[in-house]
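Numbering-wise (this note's numbering), the sequence shown opens with residue 13 and increments by one. Each residue gets a CB set at the ideal place from its N, CA and C atoms; glycine is no exception. Working notes, structure below.
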Amino acid sequence: SILVDGRIADILRKMNLATPLEQQIQSINALVQQKDLLLSTKTGSGKTISYLIPAIQQLLQQKTANNASKALRVVILEPTQELCAQTLDLAQTLAKQIQKYGFSIQCGQEPSAELMVTTPNALISSKPDLNSLQFFVIDEADMMFGFDMRSKLEQILHLIPQNIQKVLCSATLSPEIESFSQLMLSNQVVVTEQEKPVDNVFKYFTFSKEIDKFYYLYAFFMLKIIKQRTIIYTSRINEAFRCKLFLEKFGVKALMFTSSLPLEQRQAQLQKFNLGVSNLMIITQDQEEAGVVRGVDFENVELILTLQFPLTVQEFQHLCGRAGRCGNVKTIISLVIDIDESCQSSQLKGDFKLQNEFLQQCVLKNIEFQFEEIDLQLLEKEFGYRVSDVFQQLNDAEIKKYRTNQLKQLVMENQQLKQYLSQHEREKQLMKQKQIMKSAGIQVIPAYLKMAAEKVKQSCTLVLEEQKVVKNISYQKRGALLRK
13 SILVDGRIAD ILRKMNLATP LEQQIQSINA LVQQKDLLLS TKTGSGKTIS YLIPAIQQLL
73 QQKTANNASK ALRVVILEPT QELCAQTLDL AQTLAKQIQK YGFSIQCGQE PSAELMVTTP
133 NALISSKPDL NSLQFFVIDE ADMMFGFDMR SKLEQILHLI PQNIQKVLCS ATLSPEIESF
193 SQLMLSNQVV VTEQEKPVDN VFKYFTFSKE IDKFYYLYAF FMLKIIKQRT IIYTSRINEA
253 FRCKLFLEKF GVKALMFTSS LPLEQRQAQL QKFNLGVSNL MIITQDQEEA GVVRGVDFEN
313 VELILTLQFP LTVQEFQHLC GRAGRCGNVK TIISLVIDID ESCQSSQLKG DFKLQNEFLQ
373 QCVLKNIEFQ FEEIDLQLLE KEFGYRVSDV FQQLNDAEIK KYRTNQLKQL VMENQQLKQY
433 LSQHEREKQL MKQKQIMKSA GIQVIPAYLK MAAEKVKQSC TLVLEEQKVV KNISYQKRGA
493 LLRK
(Lines of atoms letter the chains of each structure in order from A; the text may use other names.)
(Lines give C-alpha, C1' and ligand atoms only; values in the text may rest on other atoms or scores of the structure.)
Protein backbone atom coordinates (compact mmCIF):
# COMPACT_ATOMS: atom_id res chain seq x y z
CA SER A 13 0.00 0.00 0.00
CA ILE A 14 1.05 3.61 -0.42
CA LEU A 15 2.28 5.58 2.59
CA VAL A 16 0.17 8.71 2.22
CA ASP A 17 -1.56 11.11 4.58
CA GLY A 18 -5.10 9.99 5.45
CA ARG A 19 -6.52 13.12 3.84
CA ILE A 20 -4.65 12.39 0.61
CA ALA A 21 -5.84 8.77 0.70
CA ASP A 22 -9.43 9.99 1.14
CA ILE A 23 -9.07 12.36 -1.82
CA LEU A 24 -7.67 9.58 -4.00
CA ARG A 25 -10.56 7.28 -3.10
CA LYS A 26 -13.12 9.94 -3.98
CA MET A 27 -11.33 10.59 -7.28
CA ASN A 28 -11.27 6.83 -8.03
CA LEU A 29 -7.47 6.82 -7.91
CA ALA A 30 -7.10 4.42 -5.00
CA THR A 31 -5.56 1.41 -6.77
CA PRO A 32 -1.98 2.25 -7.79
CA LEU A 33 0.28 0.31 -10.11
CA GLU A 34 3.31 -1.42 -8.61
CA GLN A 35 5.81 1.16 -9.89
CA GLN A 36 3.57 3.94 -8.54
CA ILE A 37 3.56 2.35 -5.08
CA GLN A 38 7.37 2.11 -5.11
CA SER A 39 7.78 5.69 -6.34
CA ILE A 40 5.28 7.31 -3.97
CA ASN A 41 6.62 5.46 -0.93
CA ALA A 42 10.23 6.39 -1.75
CA LEU A 43 9.32 10.08 -2.06
CA VAL A 44 7.18 10.07 1.10
CA GLN A 45 10.26 8.71 2.90
CA GLN A 46 12.25 11.73 1.64
CA LYS A 47 14.35 9.79 -0.88
CA ASP A 48 15.47 11.12 -4.25
CA LEU A 49 13.95 9.18 -7.15
CA LEU A 50 15.03 8.06 -10.61
CA LEU A 51 11.84 6.88 -12.30
CA SER A 52 12.11 5.19 -15.69
CA THR A 53 8.93 3.61 -17.00
CA LYS A 54 7.29 3.59 -20.41
CA THR A 55 5.00 6.28 -21.77
CA GLY A 56 1.56 6.11 -20.16
CA SER A 57 2.62 4.23 -17.02
CA GLY A 58 1.62 6.86 -14.46
CA LYS A 59 4.82 8.81 -13.76
CA THR A 60 3.11 12.19 -13.25
CA ILE A 61 0.83 11.13 -10.41
CA SER A 62 3.76 9.26 -8.81
CA TYR A 63 5.51 12.52 -7.96
CA LEU A 64 2.48 14.84 -7.71
CA ILE A 65 0.93 12.99 -4.77
CA PRO A 66 4.06 13.29 -2.55
CA ALA A 67 4.55 16.92 -3.64
CA ILE A 68 0.97 17.90 -2.75
CA GLN A 69 1.22 15.94 0.51
CA GLN A 70 4.36 17.85 1.53
CA LEU A 71 2.62 21.17 0.95
CA LEU A 72 -0.47 20.05 2.88
CA GLN A 73 1.52 18.77 5.86
CA GLN A 74 3.54 21.98 6.06
CA LYS A 75 0.40 24.09 6.08
CA THR A 76 -1.11 21.84 8.76
CA ALA A 77 1.97 21.97 11.00
CA ASN A 78 2.82 25.66 11.01
CA ASN A 79 0.62 27.43 8.47
CA ALA A 80 3.81 28.16 6.51
CA SER A 81 3.96 31.41 4.60
CA LYS A 82 3.25 31.27 0.90
CA ALA A 83 6.40 30.65 -1.16
CA LEU A 84 7.56 28.65 -4.17
CA ARG A 85 8.23 25.18 -2.74
CA VAL A 86 7.72 22.79 -5.68
CA VAL A 87 9.06 23.17 -9.25
CA ILE A 88 8.22 20.68 -12.00
CA LEU A 89 10.05 21.05 -15.33
CA GLU A 90 8.43 19.81 -18.54
CA PRO A 91 9.94 20.01 -22.05
CA THR A 92 6.88 21.53 -23.76
CA GLN A 93 3.95 23.83 -23.03
CA GLU A 94 1.54 20.97 -23.84
CA LEU A 95 2.98 18.85 -21.05
CA CYS A 96 3.08 21.84 -18.70
CA ALA A 97 -0.65 22.37 -19.24
CA GLN A 98 -1.40 18.66 -18.80
CA THR A 99 0.61 18.29 -15.58
CA LEU A 100 -0.74 21.55 -14.19
CA ASP A 101 -4.31 20.42 -14.84
CA LEU A 102 -3.82 17.30 -12.74
CA ALA A 103 -2.00 19.26 -10.00
CA GLN A 104 -4.84 21.79 -9.82
CA THR A 105 -7.39 18.97 -9.66
CA LEU A 106 -5.62 17.48 -6.64
CA ALA A 107 -5.09 20.90 -5.02
CA LYS A 108 -8.77 21.77 -5.43
CA GLN A 109 -9.70 18.75 -3.32
CA ILE A 110 -7.46 20.05 -0.52
CA GLN A 111 -9.67 23.11 -0.06
CA LYS A 112 -12.29 21.15 1.88
CA TYR A 113 -9.71 20.71 4.65
CA GLY A 114 -9.38 24.49 4.97
CA PHE A 115 -6.12 24.85 3.04
CA SER A 116 -5.33 26.42 -0.31
CA ILE A 117 -2.45 25.31 -2.53
CA GLN A 118 -1.76 27.57 -5.49
CA CYS A 119 -0.55 25.75 -8.60
CA GLY A 120 0.46 27.64 -11.72
CA GLN A 121 3.08 28.49 -14.33
CA GLU A 122 4.15 31.72 -12.64
CA PRO A 123 6.83 32.16 -9.91
CA SER A 124 4.13 33.43 -7.53
CA ALA A 125 2.71 29.89 -7.25
CA GLU A 126 3.55 27.41 -4.50
CA LEU A 127 3.72 24.59 -7.05
CA MET A 128 5.10 25.78 -10.38
CA VAL A 129 5.00 23.79 -13.62
CA THR A 130 7.19 25.30 -16.32
CA THR A 131 9.83 24.69 -18.99
CA PRO A 132 13.59 25.08 -18.39
CA ASN A 133 13.81 28.20 -20.56
CA ALA A 134 10.82 29.82 -18.85
CA LEU A 135 12.22 29.06 -15.39
CA ILE A 136 15.55 30.67 -16.20
CA SER A 137 14.00 33.74 -17.80
CA SER A 138 11.45 34.31 -14.98
CA LYS A 139 14.21 34.28 -12.29
CA PRO A 140 11.98 33.08 -9.42
CA ASP A 141 13.00 33.12 -5.76
CA LEU A 142 14.12 29.53 -5.16
CA ASN A 143 15.30 29.92 -1.56
CA SER A 144 12.22 28.13 -0.17
CA LEU A 145 12.25 25.35 -2.78
CA GLN A 146 11.90 21.85 -1.29
CA PHE A 147 10.80 19.54 -4.12
CA PHE A 148 12.23 19.60 -7.65
CA VAL A 149 11.18 17.42 -10.63
CA ILE A 150 12.61 17.02 -14.12
CA ASP A 151 10.03 15.17 -16.21
CA GLU A 152 10.56 13.59 -19.65
CA ALA A 153 14.33 13.94 -19.25
CA ASP A 154 15.11 11.89 -22.35
CA MET A 155 13.00 14.25 -24.45
CA MET A 156 14.78 17.26 -22.94
CA PHE A 157 18.15 15.77 -23.82
CA GLY A 158 16.86 15.18 -27.34
CA PHE A 159 16.12 18.91 -27.49
CA ASP A 160 19.70 19.73 -26.36
CA MET A 161 18.48 21.07 -23.01
CA ARG A 162 21.14 19.39 -20.86
CA SER A 163 23.20 22.56 -20.44
CA LYS A 164 20.07 24.45 -19.33
CA LEU A 165 19.23 21.70 -16.83
CA GLU A 166 22.76 21.80 -15.40
CA GLN A 167 22.45 25.57 -15.10
CA ILE A 168 19.21 25.15 -13.15
CA LEU A 169 20.79 22.56 -10.83
CA HIS A 170 23.26 25.26 -9.77
CA LEU A 171 20.39 27.67 -9.04
CA ILE A 172 18.34 25.45 -6.71
CA PRO A 173 19.21 24.57 -3.08
CA GLN A 174 21.34 21.44 -2.92
CA ASN A 175 19.71 19.70 0.05
CA ILE A 176 16.18 19.46 -1.40
CA GLN A 177 14.32 16.41 -2.66
CA LYS A 178 14.74 15.73 -6.38
CA VAL A 179 13.00 13.52 -8.96
CA LEU A 180 14.24 12.59 -12.42
CA CYS A 181 11.70 10.96 -14.77
CA SER A 182 12.40 9.41 -18.15
CA ALA A 183 10.64 6.97 -20.48
CA THR A 184 14.04 5.47 -21.36
CA LEU A 185 17.17 4.92 -19.29
CA SER A 186 20.13 5.77 -21.54
CA PRO A 187 23.77 6.13 -20.40
CA GLU A 188 23.33 9.92 -20.64
CA ILE A 189 20.31 9.83 -18.32
CA GLU A 190 22.20 7.62 -15.85
CA SER A 191 25.21 9.94 -15.82
CA PHE A 192 22.98 12.99 -15.32
CA SER A 193 21.20 11.24 -12.44
CA GLN A 194 24.59 10.88 -10.71
CA LEU A 195 24.99 14.64 -10.98
CA MET A 196 21.46 15.49 -9.84
CA LEU A 197 20.39 12.88 -7.29
CA SER A 198 21.67 11.62 -3.95
CA ASN A 199 20.40 8.83 -1.71
CA GLN A 200 18.28 7.82 -4.67
CA VAL A 201 15.79 5.03 -5.24
CA VAL A 202 15.62 3.69 -8.80
CA VAL A 203 12.23 2.50 -10.04
CA THR A 204 12.10 0.82 -13.43
CA GLU A 205 9.58 -1.33 -15.21
CA GLN A 206 10.11 -4.91 -16.24
CA GLU A 207 9.71 -5.38 -19.97
CA LYS A 208 6.43 -7.13 -20.72
CA PRO A 209 5.46 -9.08 -23.82
CA VAL A 210 3.88 -6.91 -26.49
CA ASP A 211 0.21 -7.82 -26.84
CA ASN A 212 -0.62 -5.36 -29.62
CA VAL A 213 -1.44 -6.61 -33.10
CA PHE A 214 0.09 -5.00 -36.18
CA LYS A 215 -2.06 -5.16 -39.33
CA TYR A 216 -1.06 -3.71 -42.67
CA PHE A 217 -2.51 -3.02 -46.11
CA THR A 218 -0.42 -2.42 -49.22
CA PHE A 219 -0.77 0.31 -51.83
CA SER A 220 1.08 1.14 -55.04
CA LYS A 221 -0.18 4.67 -55.86
CA GLU A 222 -0.64 7.72 -53.64
CA ILE A 223 -4.35 7.84 -54.42
CA ASP A 224 -4.70 4.31 -53.01
CA LYS A 225 -4.23 5.77 -49.51
CA PHE A 226 -7.35 7.84 -50.05
CA TYR A 227 -9.31 4.85 -51.33
CA TYR A 228 -8.45 3.16 -48.05
CA LEU A 229 -9.51 6.24 -46.05
CA TYR A 230 -12.80 6.32 -47.95
CA ALA A 231 -13.44 2.63 -47.32
CA PHE A 232 -12.40 2.75 -43.66
CA PHE A 233 -14.53 5.72 -42.64
CA MET A 234 -17.25 6.19 -45.25
CA LEU A 235 -18.08 2.49 -45.49
CA LYS A 236 -17.62 2.20 -41.71
CA ILE A 237 -15.07 -0.59 -41.81
CA ILE A 238 -13.47 1.32 -38.94
CA LYS A 239 -15.93 2.48 -36.27
CA GLN A 240 -13.45 2.70 -33.43
CA ARG A 241 -12.12 5.86 -31.80
CA THR A 242 -9.02 6.41 -33.92
CA ILE A 243 -5.80 8.39 -34.21
CA ILE A 244 -4.36 8.79 -37.72
CA TYR A 245 -0.62 9.45 -37.95
CA THR A 246 0.83 11.11 -41.05
CA SER A 247 4.46 11.81 -41.89
CA ARG A 248 4.10 15.46 -42.94
CA ILE A 249 1.95 18.44 -41.96
CA ASN A 250 0.66 18.98 -45.50
CA GLU A 251 -0.33 15.31 -45.66
CA ALA A 252 -2.27 15.74 -42.41
CA PHE A 253 -4.22 18.70 -43.82
CA ARG A 254 -4.79 16.82 -47.10
CA CYS A 255 -6.16 13.86 -45.15
CA LYS A 256 -8.41 16.09 -43.04
CA LEU A 257 -9.73 18.01 -46.05
CA PHE A 258 -10.37 14.77 -47.97
CA LEU A 259 -12.40 13.31 -45.11
CA GLU A 260 -14.34 16.53 -44.60
CA LYS A 261 -15.33 16.57 -48.28
CA PHE A 262 -17.26 13.39 -47.47
CA GLY A 263 -18.65 14.67 -44.19
CA VAL A 264 -16.20 12.87 -41.88
CA LYS A 265 -15.28 15.31 -39.13
CA ALA A 266 -11.74 15.00 -37.82
CA LEU A 267 -9.67 17.00 -35.34
CA MET A 268 -6.00 17.84 -35.83
CA PHE A 269 -2.99 18.08 -33.51
CA THR A 270 0.12 19.51 -35.18
CA SER A 271 2.89 22.00 -34.45
CA SER A 272 1.59 24.24 -37.24
CA LEU A 273 -1.28 25.22 -34.93
CA PRO A 274 -0.71 27.69 -32.08
CA LEU A 275 -0.55 26.21 -28.58
CA GLU A 276 -4.02 27.41 -27.56
CA GLN A 277 -5.60 25.85 -30.64
CA ARG A 278 -3.76 22.54 -30.09
CA GLN A 279 -5.05 22.43 -26.52
CA ALA A 280 -8.58 23.17 -27.72
CA GLN A 281 -8.38 20.33 -30.25
CA LEU A 282 -7.13 17.97 -27.53
CA GLN A 283 -9.93 19.04 -25.20
CA LYS A 284 -12.56 18.40 -27.88
CA PHE A 285 -11.16 14.94 -28.58
CA ASN A 286 -11.00 13.99 -24.90
CA LEU A 287 -14.54 15.29 -24.33
CA GLY A 288 -15.80 13.08 -27.16
CA VAL A 289 -16.76 15.88 -29.57
CA SER A 290 -15.04 13.83 -32.30
CA ASN A 291 -13.69 10.29 -32.41
CA LEU A 292 -11.02 10.93 -35.04
CA MET A 293 -7.74 12.80 -34.49
CA ILE A 294 -5.05 13.40 -37.13
CA ILE A 295 -1.47 13.85 -35.90
CA THR A 296 1.80 14.42 -37.72
CA GLN A 297 4.59 12.07 -36.73
CA ASP A 298 8.13 13.31 -37.45
CA GLN A 299 11.15 14.60 -35.54
CA GLU A 300 9.88 18.18 -35.46
CA GLU A 301 6.52 17.05 -34.13
CA ALA A 302 7.90 14.72 -31.45
CA GLY A 303 8.02 17.42 -28.80
CA VAL A 304 4.44 18.47 -29.48
CA VAL A 305 2.87 15.01 -29.32
CA ARG A 306 4.94 12.98 -26.90
CA GLY A 307 3.44 12.47 -23.48
CA VAL A 308 0.13 14.11 -24.39
CA ASP A 309 -2.96 12.19 -23.27
CA PHE A 310 -5.35 11.22 -26.03
CA GLU A 311 -8.06 9.49 -24.03
CA ASN A 312 -9.90 6.25 -24.79
CA VAL A 313 -8.20 5.61 -28.12
CA GLU A 314 -9.11 2.20 -29.55
CA LEU A 315 -7.21 2.12 -32.84
CA ILE A 316 -4.15 3.68 -34.46
CA LEU A 317 -3.88 4.10 -38.23
CA THR A 318 -0.53 5.19 -39.66
CA LEU A 319 -0.17 6.35 -43.25
CA GLN A 320 3.46 5.25 -43.18
CA PHE A 321 5.22 2.15 -41.93
CA PRO A 322 6.68 2.14 -38.39
CA LEU A 323 10.46 2.06 -38.79
CA THR A 324 11.32 0.04 -35.70
CA VAL A 325 9.67 -2.10 -33.07
CA GLN A 326 10.56 0.60 -30.54
CA GLU A 327 8.59 3.16 -32.56
CA PHE A 328 5.69 0.70 -32.80
CA GLN A 329 5.69 0.22 -29.03
CA HIS A 330 5.92 3.97 -28.50
CA LEU A 331 2.83 4.50 -30.66
CA CYS A 332 0.96 1.95 -28.55
CA GLY A 333 2.09 3.53 -25.29
CA ARG A 334 1.52 7.09 -26.45
CA ALA A 335 -2.14 6.67 -27.30
CA GLY A 336 -3.06 3.52 -25.41
CA ARG A 337 -2.76 5.11 -22.00
CA CYS A 338 -5.99 3.56 -20.73
CA GLY A 339 -5.30 0.13 -22.21
CA ASN A 340 -7.75 0.24 -25.12
CA VAL A 341 -5.32 0.24 -28.06
CA LYS A 342 -4.63 -3.30 -29.21
CA THR A 343 -4.38 -2.77 -32.95
CA ILE A 344 -2.19 -0.60 -35.13
CA ILE A 345 -2.96 -0.50 -38.85
CA SER A 346 -0.40 0.75 -41.37
CA LEU A 347 -0.58 1.45 -45.08
CA VAL A 348 2.53 -0.04 -46.68
CA ILE A 349 3.86 0.66 -50.17
CA ASP A 350 3.84 -2.43 -52.37
CA ILE A 351 7.18 -2.44 -54.20
CA ASP A 352 7.74 -4.47 -57.36
CA GLU A 353 11.05 -6.36 -57.52
CA SER A 354 11.88 -4.57 -60.78
CA CYS A 355 11.58 -1.15 -59.11
CA GLN A 356 14.65 1.03 -59.83
CA SER A 357 13.96 3.79 -57.26
CA SER A 358 16.60 3.79 -54.52
CA GLN A 359 14.13 5.52 -52.18
CA LEU A 360 11.50 2.81 -52.67
CA LYS A 361 14.09 0.06 -52.34
CA GLY A 362 15.19 1.64 -49.08
CA ASP A 363 11.59 1.71 -47.84
CA PHE A 364 11.17 -1.93 -48.82
CA LYS A 365 14.30 -2.88 -46.86
CA LEU A 366 13.05 -1.04 -43.76
CA GLN A 367 9.68 -2.76 -44.00
CA ASN A 368 11.30 -6.20 -44.13
CA GLU A 369 13.58 -5.37 -41.21
CA PHE A 370 10.57 -4.28 -39.15
CA LEU A 371 8.70 -7.52 -39.83
CA GLN A 372 11.81 -9.52 -38.88
CA GLN A 373 11.95 -7.59 -35.59
CA CYS A 374 8.28 -8.40 -35.03
CA VAL A 375 9.10 -12.11 -35.30
CA LEU A 376 11.96 -11.77 -32.80
CA LYS A 377 9.81 -9.78 -30.35
CA ASN A 378 6.78 -12.09 -30.75
CA ILE A 379 4.64 -9.25 -32.08
CA GLU A 380 1.67 -10.57 -33.99
CA PHE A 381 1.44 -9.10 -37.48
CA GLN A 382 -1.13 -9.74 -40.17
CA PHE A 383 -1.40 -8.81 -43.83
CA GLU A 384 -4.89 -7.54 -44.62
CA GLU A 385 -6.45 -6.72 -47.96
CA ILE A 386 -9.39 -5.06 -49.60
CA ASP A 387 -10.40 -5.24 -53.26
CA LEU A 388 -8.99 -1.92 -54.47
CA GLN A 389 -10.08 -2.63 -58.04
CA LEU A 390 -13.68 -3.06 -56.91
CA LEU A 391 -13.39 0.01 -54.71
CA GLU A 392 -12.04 2.06 -57.62
CA LYS A 393 -14.72 0.74 -59.97
CA GLU A 394 -17.62 1.59 -57.65
CA PHE A 395 -16.35 4.76 -55.95
CA GLY A 396 -13.47 5.88 -58.15
CA TYR A 397 -15.22 8.90 -59.62
CA ARG A 398 -15.97 10.21 -56.11
CA VAL A 399 -12.53 9.59 -54.63
CA SER A 400 -10.49 10.68 -57.67
CA ASP A 401 -12.54 13.86 -58.13
CA VAL A 402 -11.85 14.97 -54.55
CA PHE A 403 -8.24 13.76 -54.68
CA GLN A 404 -7.55 15.90 -57.75
CA GLN A 405 -8.72 18.98 -55.87
CA LEU A 406 -6.17 18.46 -53.08
CA ASN A 407 -3.29 20.37 -54.71
CA ASP A 408 -0.75 22.45 -52.79
CA ALA A 409 -2.58 25.73 -53.43
CA GLU A 410 -5.85 24.29 -52.12
CA ILE A 411 -4.11 22.88 -49.04
CA LYS A 412 -2.44 26.25 -48.32
CA LYS A 413 -5.79 28.03 -48.56
CA TYR A 414 -7.42 25.38 -46.37
CA ARG A 415 -4.72 25.69 -43.70
CA THR A 416 -5.26 29.45 -43.48
CA ASN A 417 -9.03 29.11 -43.24
CA GLN A 418 -8.74 26.31 -40.69
CA LEU A 419 -6.61 28.44 -38.39
CA LYS A 420 -9.14 31.28 -38.48
CA GLN A 421 -11.99 28.86 -37.84
CA LEU A 422 -10.19 27.13 -34.96
CA VAL A 423 -9.45 30.45 -33.25
CA MET A 424 -13.15 31.36 -33.40
CA GLU A 425 -14.33 27.89 -32.29
CA ASN A 426 -11.86 27.86 -29.40
CA GLN A 427 -13.19 31.17 -28.08
CA GLN A 428 -16.77 29.93 -28.37
CA LEU A 429 -15.96 26.61 -26.66
CA LYS A 430 -14.13 28.27 -23.77
CA GLN A 431 -16.97 30.72 -23.23
CA TYR A 432 -19.63 28.00 -23.37
CA LEU A 433 -17.87 25.57 -21.01
CA SER A 434 -17.06 28.35 -18.54
CA GLN A 435 -20.78 29.13 -18.30
CA HIS A 436 -22.06 25.54 -18.39
CA GLU A 437 -19.99 23.46 -15.96
CA ARG A 438 -22.69 20.78 -15.75
CA GLU A 439 -22.70 20.42 -19.54
CA LYS A 440 -18.93 19.98 -19.46
CA GLN A 441 -19.21 17.18 -16.89
CA LEU A 442 -22.00 15.49 -18.84
CA MET A 443 -19.84 15.58 -21.96
CA LYS A 444 -17.13 13.80 -20.00
CA GLN A 445 -19.56 11.18 -18.74
CA LYS A 446 -21.41 10.40 -21.92
CA GLN A 447 -20.77 7.31 -23.98
CA ILE A 448 -18.82 8.30 -27.06
CA MET A 449 -20.95 7.99 -30.17
CA LYS A 450 -19.51 5.93 -32.98
CA SER A 451 -18.82 7.40 -36.42
CA ALA A 452 -20.18 10.85 -35.53
CA GLY A 453 -20.54 13.16 -38.50
CA ILE A 454 -20.23 10.51 -41.21
CA GLN A 455 -22.64 11.05 -44.09
CA VAL A 456 -24.83 8.18 -45.19
CA ILE A 457 -23.91 6.31 -48.37
CA PRO A 458 -26.66 6.93 -50.98
CA ALA A 459 -29.13 4.08 -51.41
CA TYR A 460 -28.02 3.30 -54.96
CA LEU A 461 -24.46 2.69 -53.71
CA LYS A 462 -25.29 0.55 -50.69
CA MET A 463 -24.99 -2.73 -52.59
CA ALA A 464 -21.59 -1.69 -53.93
CA ALA A 465 -20.53 -0.65 -50.44
CA GLU A 466 -21.46 -4.07 -49.07
CA LYS A 467 -19.42 -5.81 -51.80
CA VAL A 468 -16.36 -3.74 -50.91
CA LYS A 469 -16.81 -4.40 -47.19
CA GLN A 470 -17.12 -8.13 -47.85
CA SER A 471 -13.84 -8.04 -49.78
CA CYS A 472 -12.04 -6.62 -46.74
CA THR A 473 -10.30 -9.17 -44.53
CA LEU A 474 -9.92 -6.76 -41.61
CA VAL A 475 -11.89 -7.77 -38.53
CA LEU A 476 -11.97 -5.38 -35.58
CA GLU A 477 -13.62 -6.04 -32.26
CA GLU A 478 -15.93 -3.18 -31.36
CA GLN A 479 -15.40 -1.83 -27.87
CA LYS A 480 -17.84 0.14 -25.80
CA VAL A 481 -15.90 3.10 -24.50
CA VAL A 482 -17.45 5.13 -21.72
CA LYS A 483 -16.00 8.45 -20.69
CA ASN A 484 -15.24 8.87 -17.00
CA ILE A 485 -14.81 11.85 -14.75
CA SER A 486 -11.90 12.41 -12.37
CA TYR A 487 -9.25 10.52 -14.29
CA GLN A 488 -10.62 7.05 -13.56
CA LYS A 489 -8.86 4.44 -15.69
CA ARG A 490 -9.97 0.86 -15.12
CA GLY A 491 -9.56 1.14 -11.34
CA ALA A 492 -5.91 2.15 -11.53
CA LEU A 493 -4.15 5.45 -11.09
CA LEU A 494 -4.16 7.65 -14.15
CA ARG A 495 -1.45 6.61 -16.56
CA LYS A 496 0.12 10.05 -16.85
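Identity of the residues DSSP links to residue i by a beta bridge
{"i": "M293", "result": "I243 and L267"}
{"i": "E380", "result": "V213"}
{"i": "C6", "result": "In the structure as shown, the chain begins at 13 and stops at 496. Residue 6 is therefore absent and cannot be evaluated."}
{"i": "Q200", "result": "D48"}
{"i": "L100", "result": "Beta-bridge pairing links L100 to no other residue."}
{"i": "T6", "result": "Since the first residue shown for the chain is 13 and the last is 496, residue 6 is missing from the structure and cannot be characterised."}
{"i": "T318", "result": "Y245 and S346"}
{"i": "V149", "result": "I88 and V179"}
Closest Cα partner of residue i within the set the options
{"i": "I345", "options": "D363, K420, I316 and K413", "result": "I316"}
{"i": "K108", "options": "Q45, L24 and F262", "result": "L24"}
{"i": "M268", "options": "K261, Y63 and Q277", "result": "Q277"}
{"i": "L15", "options": "L474, F232, S163 and Q70", "result": "Q70"}
{"i": "Q382", "options": "T473, Q421 and K467", "result": "T473"}
{"i": "Q320", "options": "E251, N28, K393 and P274", "result": "E251"}
{"i": "S39", "options": "D101, V179 and I117", "result": "V179"}
{"i": "N199", "options": "N28, E126, E384 and L50", "result": "L50"}
{"i": "Q418", "options": "T270, I457 and T246", "result": "T270"}
{"i": "I243", "options": "L406, D154, T218 and T296", "result": "T296"}
{"i": "V325", "options": "I379, K112, D22 and K469", "result": "I379"}
{"i": "M27", "options": "V149, K377 and I110", "result": "I110"}
{"i": "S144", "options": "K256, A83 and L100", "result": "A83"}
{"i": "R241", "options": "S193, L195, S272 and I294", "result": "I294"}
{"i": "A103", "options": "I249, L72, L376 and P274", "result": "L72"}
{"i": "S247", "options": "V149, V348, E314 and M156", "result": "V348"}
Bounding residues of the beta strand (DSSP E) (the contiguous stretch that carries residue i)
{"i": "S182", "result": "Q177 to S182"}
{"i": "V87", "result": "V86 to L89"}
{"i": "F233", "result": "Per DSSP, F233 belongs to no beta strand (DSSP E) and is neither H nor E."}
Own chain residues within Cβ distance below 8 Å of residue i, not counting five before or after
{"i": "I223", "result": "V399, S400 and F403"}
{"i": "R254", "result": "L406 and I411"}
Alpha helix (DSSP H) segment containing residue i, residue limits
{"i": "I136", "result": "P132 to S138"}
{"i": "F285", "result": "L275 to L287"}
{"i": "Y397", "result": "L388 to Q405"}
{"i": "A465", "result": "K462 to S471"}
{"i": "A83", "result": "Counting along the chain, A83 falls outside any alpha helix (DSSP H), and DSSP gives it neither H nor E."}
{"i": "Y113", "result": "Premise fails: Y113 is in no alpha helix (DSSP H) and is neither H nor E."}
Neighbourhood of residue i by C-beta distance below 6 Å, restricted to the same chain and skipping five residues each side
{"i": "Q118", "result": "A125 and E126"}
{"i": "S220", "result": "D350"}
{"i": "A21", "result": "none"}
{"i": "A464", "result": "E394"}
{"i": "V292", "result": "Contrary to the premise, residue 292 reads as Leu rather than Val in this sequence. Hits under 6 Å: T242 and A266."}
Cutoff 7 Å; reference residue i; Cβ partners in own chain excluding five residues on either side
{"i": "L197", "result": "D48, L50, K178 and L180"}
> Taking three-plus beta-carbon pairs below 8 Å as touching, is the stretch 178-197 in contact with the stretch 94-105?
Replying inline: Per the Cβ contact rule, the stretch 178-197 is not in contact with the stretch 94-105 (fewer than 3 Cβ pairs under 8 Å).
>> Counting beta carbon pairs with one atom in the stretch 307-314 and one in the stretch 281-295, are three or more of them shorter than 8 Å?
In response: At 8 Å Cβ cutoff, the stretches touch.
> Does the pairing of the stretch 133-149 with the stretch 166-178 give three or more beta-carbon distances under 8 Å?
Replying inline: At 8 Å Cβ cutoff, the stretches touch.
>> Using 8 Å as the cut-off, can you tell me whether the stretch 410-423 makes contact with the stretch 366-386, which would need three or more C-beta pairs spanning the two stretches below that distance?
In response: Taking a cut-off of 8 Å for Cβ pairs, the stretch 410-423 and the stretch 366-386 do not touch, as fewer than three such pairs fall below it.
>> With a threshold of 8 Å, are at least 3 pairs of Cβ atoms found where one atom belongs to the stretch 116-136 and the other to the stretch 145-165?
In response: Contact holds: three or more Cβ-Cβ distances are below 8 Å.
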